[in-house]
Amino acid sequence: MTPTQRTVLGWGPAILWFALIFVLSSQPSLPSPSHISDKQAHALTYGVLAVLCLMGLTGWNWRRVAGAGLLGAFVIAVLYGVSDEFHQSFVPGRTPDAADVLADGVGAALALTVAWGWAILVGRRCSIPRS
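Counting in this note's numbering, the sequence shown runs from -16 upward without gaps.
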C-alpha cells in the first residue's frame, strides 16, 4: 500500500464523520431521541470524531498513540465543534450554543482517555514475550 493510499484509508472514516456532522447540522431541526439528551448526543458524536481523528493521525496503529496524537485529535474535534456551531448560526431554525461546544470537548476528552487506555493495553499485550 502506498503512503497516499494509507493516508486516504486512515483519514477516510474521519472525513465521512465530518461530512455526516455537517449534513445533520444543516437540517433546520433534528428529532431528539427520548433516551438521550442533546448534550449526550454531542458528547458521543464528538467522542467518535476525536477517536477517528486519532486513528487518522496514527495510521490506525494503536502502538503509535501518544500525547501529540491525543492532543491533535482533541484540538481537531473541538475546533470542528466550534466551526459547526458557527455554521449553525446560518441555518434557519438553528442557533449556536457554547454549551454544545463544551459537551463536544467533554466527549472528545473522555473518548480519547478511553482510547489512550486501550492503546496502553495493546502496547503491553504486544510487548509480553510468549513462551
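Every residue gets a Cβ at the ideal spot worked out from N, C-alpha and C, and that includes glycine.
Would you mind listing the alpha helix (DSSP H) stretches within the stretch 80 to 109 that are 4+ residues and don't spill past its ends, in chain order? Counting only runs of 4 or more, we get nothing.
Out of curiosity, what's the CA-to-CA distance linking glycine 106 and arginine 46? Position 123 of the sequence shown, counting from 1, holds the residue named residue 106. Position 63 of the sequence shown, counting from 1, holds the residue named residue 46. Roughly 6 Å separates the two Cα atoms.
Quick check on the burial criterion: 16 or more other C-beta atoms within 10 angstroms. Buried or exposed for tryptophan 101? In the sequence shown, counting from the first residue as 1, residue 101 sits at position 118. Residue environment for tryptophan 101: exposed (fewer than 16 other C-beta atoms within 10 angstroms of its C-beta).
Within 7 Å, strictly: CB atoms of glycine 76 and tyrosine 29: For the purposes of this step, residue 76 is identified with residue 93 of the sequence shown, where counting begins at 1. For the purposes of this step, residue 29 is identified with residue 46 of the sequence shown, where counting begins at 1. If you check the CB distance, glycine 76 and tyrosine 29 do not come in under 7 Å.
Serine 72 to serine 8 span [Cα, whole Å]: Residue numbering aside, residue 72 sits at position 89 when the sequence shown is read from its first letter. Residue numbering aside, residue 8 sits at position 25 when the sequence shown is read from its first letter. For serine 72 and serine 8, the distance between alpha carbons rounds to 10 Å.
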